[in-house]
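Undergrad:
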Amino acid sequence: MSSSSTSAISYKRSHPHKRHPALSSDYLHPTAPSAEEAVSSILYNTPPNALDRAKQRHIFNCLVQNEPGVLSRVSGILAGRGFNIDSLVVAKTEVADLSRMTIVLKGESATIEQARRQLEDLVPVWAVLDYTGFKVIQRELLLIKVSTLGPEHVRTQMKSRSPNWQHVEEETEEEMSPSEALRQTHAHLKSLKELAKLFQGDIVDVSSDCVVIELSAKPDRIDSFVKLVKPFGILEAARSGMMAMPRSPIYDRYEDNDQEVQEEGSGVDASMLPPG
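In the working numbering, the protein residues as written are 36 to 311.
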């Protein structure tokens, strides 16, 4: 008998096996929580409301004349009132002389309404629509370049892309063999590809040490995606700003016909109908 077997037997003798207690009936058949316990659990697991009611986010849709100087005049009015513009997108429309501005800013509703009326008083501005509280389609475009080597190599990659870069080896950085670096690069590339697929994004460029991902989604969804790819190492990112368009209502074409049928049947004598 080997020494290891003797050690195992002596351990078992010095530590006798203890039988676990039987499972209680509360574990096998848990009692249903009361209404008070259920409400307390829901309130406890509900995240706090981080929205500032005093300063609500507003979405402006400005239809302006396509001429030089309009953007500076619109932004000057908002800056004069102390508003910080979160995003501003301006581009041409299907009409040659008309441009569309989508402005996102935060502030008090009364002050925002005064700024909206002041913007409408500008000569090159056709109309200013406030989409706050309406059902709108929000989209923003993101182009983000993420490292596939790992976060520990991001600083070296960013320095190597500068024009005055000189190769200086860092003492803290561990050297990897080519095979290990290749396996790590492909593992990161696969993870980034799966993550982009979950957010319905596309990889538009692949190089030896980084990838460029394109994503079009809501601003909150883009914020979440940026947080998830940040551990890989972000080299650079560009966001277009939010674009918004109101949703169109859906009408039922059979609704009027049903009303007409009911109105026509209202003249029938009920006494002539069978019972029931």
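Where a beta carbon is used, it is the ideal one built from N, C-alpha and C, also for glycine.
#1: In whole angstroms, what is the alpha-carbon distance linking residue 140 and residue 94?
#2: Excluding sequence positions up to five away, which residues of its chain have a Cβ less than 7 Å from the Cβ of residue 166?
#3: Quick one: what's got a C-beta closer than 8 Å to residue 275's C-beta in the same chain, skipping five residues either side?
#4: What is the rounded straight-line gap between the Cα of residue 307 and the Cα of residue 288?
#5: Under 9 Å between the Cβ atoms of residue 157 and residue 105?
#6: Pull the bridge partners of residue 180 from the DSSP assignment, please.
#7: With a CB to CB cut of under 8 Å and the five nearest residues on each side skipped, what residues in its chain are close to residue 261?
#8: Taking the alpha carbon of residue 131 as the point to measure from, which residue in 102, 77 and 115 has its own alpha carbon closest?
#9: Roughly how many angstroms separate the alpha carbons of residue 253 and residue 182, rounded to a whole number?
#10: Would you please state the rounded distance, in angstroms, between the beta carbons of residue 120 and residue 138? I believe it to be under 8 Å.
#11: Leaving aside the five residues before and after residue 267 along the sequence, list all residues of the same chain whose C-beta is less than 8 Å from its C-beta, in chain order.
#12: Assuming residue 238 and residue 248 form a contact by the criterion Cβ under 8 Å, report the distance between their Cβ atoms to the nearest whole angstrom.
#13: Checking the sheet assignment: what are the DSSP bridge partners for residue 240?
#14: Between which two residues does the alpha helix (DSSP H) holding residue 212 run?
#15: Are the CB atoms of residue 134 and residue 91 nearer to each other than 9 Å?
#16: Rank 115, 231 and 163 by C-alpha distance to the C-alpha of residue 136 and give the top, closest one.
#17: Is it right to say residue 154 is buried, meaning 16 or more other beta carbons lie within 10 angstroms of its own, or is it exposed?
#18: Here's the rule: buried if 16 or more other CB atoms are within 10 angstroms of the residue's CB, otherwise exposed. What is residue 236?
#19: For residue 200, name the three-state secondary structure that DSSP assigns.
#20: Less than 9 Å between the beta carbons of residue 149 and residue 116, yes or no?
#21: Nearest-angstrom Cα distance between residue 98 and residue 129?
#22: Would you call residue 250 buried or exposed, if buried means 16 or more other Cβ atoms sit within 10 Å of its Cβ?
TA: Let me lay it out:
#1: 7 Å
#2: For residue 166, where only same-chain residues beyond five positions count, the Cβ hits under 7 Å are 94, 96, 279 and 281.
#3: 124, 175, 176 and 177
#4: Note on residue 307: pLDDT 48, under 50, position unreliable in the model; the coordinate value appears next. Their backbone Cα atoms lie some 32 Å apart in a straight line.
#5: It is a contact, given that the beta carbons lie within the stated cut-off.
#6: 247 and 271
#7: 177, 179, 269 and 272
#8: 102
#9: Cα to Cα, residue 253 sits roughly 24 Å from residue 182.
#10: 6 Å
#11: 181, 182, 183, 185, 186, 223, 226 and 227
#12: 6 Å
#13: Per DSSP, the beta bridge partners of residue 240 are 247.
#14: Looking at the DSSP string, residue 212 is not in any alpha helix (DSSP H), and its letter there is neither H nor E.
#15: no
#16: Of the candidates 115, 231 and 163, the one whose C-alpha sits nearest the C-alpha of residue 136 is 163.
#17: buried
#18: buried
#19: Bear in mind that a pLDDT of 48 at residue 200, under 50, signals an unreliable position, so the model cannot answer this.
#20: yes
#21: 12 Å
#22: buried
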